[in-house]
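I have placed the structure first, in the form of structure tokens, so that the comments after it can refer back to it.
Residue numbers (the numbering used here): 2 to 344.
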């Protein structure tokens with residue numbers, strides 16, 4: 002099993018996160034003692050991955066409750082303001098909004114300020130523990146898709162570092178490895194910030210799983226010329242009809258999978274499912290052009306080059322074989338399966 006520590010934790014005084022900007026060179030920790038710091042950590046991708054962001058946001062609210070003085074009503078106003086600050090950091094990932102709403106609901110019935118603080122901390126910690134349990138269950142359901150000698154492909158990082166611990170797309174890999182299966186994983190480097198190269202490769206190698214890192218543009222070559230048996234990705238938001246929003250390049254990979262008849266699975270906890278929104282409601286995050294035109298601070302494009310840097314894309318349900326959740330594998334028709342797991 003992977004030996005990474007938890008991605009995000011709360012010790013009652015500060016929120017502690019693995020600083021993913023430093024990987025793979027350093028495994029270091031980033032500590033936050035106020036809500037502005039937690040907001041910065043989410044926005045700047047100190048912490049990233051929808052479930053990990055959710056836990057960080059929940060812990061940020063719990064932390065904020067301990068930093069603010071006043072009566073119950075004043076504290077609730079402060080918590081609502083902190084929630085708005087957190088919501089502004091990353092607009093696409095649904096888990097964060099879900100976690101923030103859970104903490105706010107948990108404090109609604111508080112008797113006084115002290116009770117409110119206890120409720121916020123308890124709910125935030127439960128959100129984190131639920132994520133760990135969900136990932137283990139996703140792994141149990143998903144490992145059945147992996148066979149001896151399987152060639153698996155994934156994009157971005159939906160691993161332990163994208164969650165509180167263990168991961169979504171990687172959970173089946175870790176549990177299959179633990180059972181003694183031998184297989185290899187093709188990891189797309191994942192532009193623009195190379196999360197596949199820096200983070201997924203780091204994780205899988207640490208777990209002793211054979212990895213072949215490829216550039217994003219080589220996916221078609223590998224699939225058509227070398228062969229891939231299974232593709233598993235994560236998700237930042239899943240709509241009620243099965244539409245998936247995930248790291249940029251996921252849609253392209255799904256088209257290749259459909260063309261070549263390769264099973265294409267999305268692994269995500271049910272907290273990633275947004276039952277209220279439609280595709281037109283989802284705002285795709287556009288990130289800093291510097292993430293594209295520089296690498297490690299060194300410019301790789303001419304001065305004045307215009308950049309379009311979407312962080313996510315949309316994969317339609319017809320391109321998806323199934324969605325691996327903690328409650329089982331949702332198969333087609335995806336909209337009916339999603340309704341079942343949410344009831």
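Glycine included, each C-beta is placed from N, C-alpha and C at the ideal position.
What residues match up with residue 187 in a beta bridge as DSSP calls it?
Indexing the chain shown from 1 puts residue 187 at position 186. Partner residues in the beta bridge of residue 187, as assigned by DSSP, are 154 and 213.
Straight-line gap, residue 193 to residue 292 (C-alpha atoms, nearest Å):
The residue labelled residue 193 in the question sits at position 192 within the chain shown. The residue labelled residue 292 in the question sits at position 291 within the chain shown. Within the model, the alpha-carbon separation for residue 193 versus residue 292 is close to 6 angstroms.
Nearest to residue 337 by alpha carbon, out of 302, 243 and 286?
Along the chain shown, one-based indexing puts residue 337 at 336. It is 243.
Report the CB separation of residue 90 from residue 138 in whole angstroms; it is logged as a contact under 8 angstroms.
For the purposes of this step, residue 90 is taken as the residue at position 89 of the chain shown. For the purposes of this step, residue 138 is taken as the residue at position 137 of the chain shown. Residue 90 to residue 138, Cβ: 28 angstroms. No contact.
Which two residues bound the contiguous alpha helix (DSSP H) that contains residue 408?
Residue 408 lies beyond the stretch modelled for the chain, which goes from 2 to 344, so this question has no answer here.
Would you tell me roughly how many angstroms separate the C-alpha atoms of residue 283 and residue 101, rounded to the nearest one?
By 1-based counting over the chain shown, the position of residue 283 is 282. By 1-based counting over the chain shown, the position of residue 101 is 100. So the alpha carbons of these two residues sit roughly 18 angstroms apart.
Assuming residue 81 and residue 47 are in contact, meaning their beta carbons sit under 8 angstroms apart, how far apart are those beta carbons, in whole angstroms?
The sequence position of residue 81 within the chain shown is 80, counting from 1. The sequence position of residue 47 within the chain shown is 46, counting from 1. Rounded, the Cβ-Cβ distance is 24 angstroms, inconsistent with contact.
Cβ-based burial, residue 175 [other Cβ within 10 Å; buried from 16]
To locate residue 175, count along the chain shown from 1; it is residue 174. Counting the other Cβ atoms within 10 Å of the Cβ of residue 175 gives 16 or more, which makes it buried.
Kindly indicate the opening and closing residues of the alpha helix (DSSP H) around residue 134.
The residue you call residue 134 lines up with position 133 of the chain shown. Unbroken alpha helix (DSSP H) run through residue 134: 114-143.
Alpha-carbon spacing of residue 311 relative to residue 93, whole angstroms:
For the purposes of this step, residue 311 is identified with residue 310 of the chain shown, where counting begins at 1. For the purposes of this step, residue 93 is identified with residue 92 of the chain shown, where counting begins at 1. Each residue's Cα considered, the two are about 11 angstroms apart.
Could you tell me the distance, in whole angstroms, from the CA atom of residue 121 to the CA atom of residue 71?
What you label residue 121 is simply residue 120 of the chain shown in a count that begins at 1. What you label residue 71 is simply residue 70 of the chain shown in a count that begins at 1. If you draw a straight line from the Cα of residue 121 to the Cα of residue 71, it is about 16 angstroms long.
Got a sec, what are the start and stop residues for the alpha helix (DSSP H) residue 171 sits in?
As a position in the chain shown, residue 171 is number 170, starting the count at 1. Counting along the chain, residue 171 sits inside no alpha helix (DSSP H), nor does DSSP assign it H or E at all.
Taking the alpha helix (DSSP H) that residue 96 belongs to, which residues open and close that run?
The sequence position of residue 96 within the chain shown is 95, counting from 1. Where residue 96 is concerned, the enclosing alpha helix (DSSP H) stretches over 95-108.
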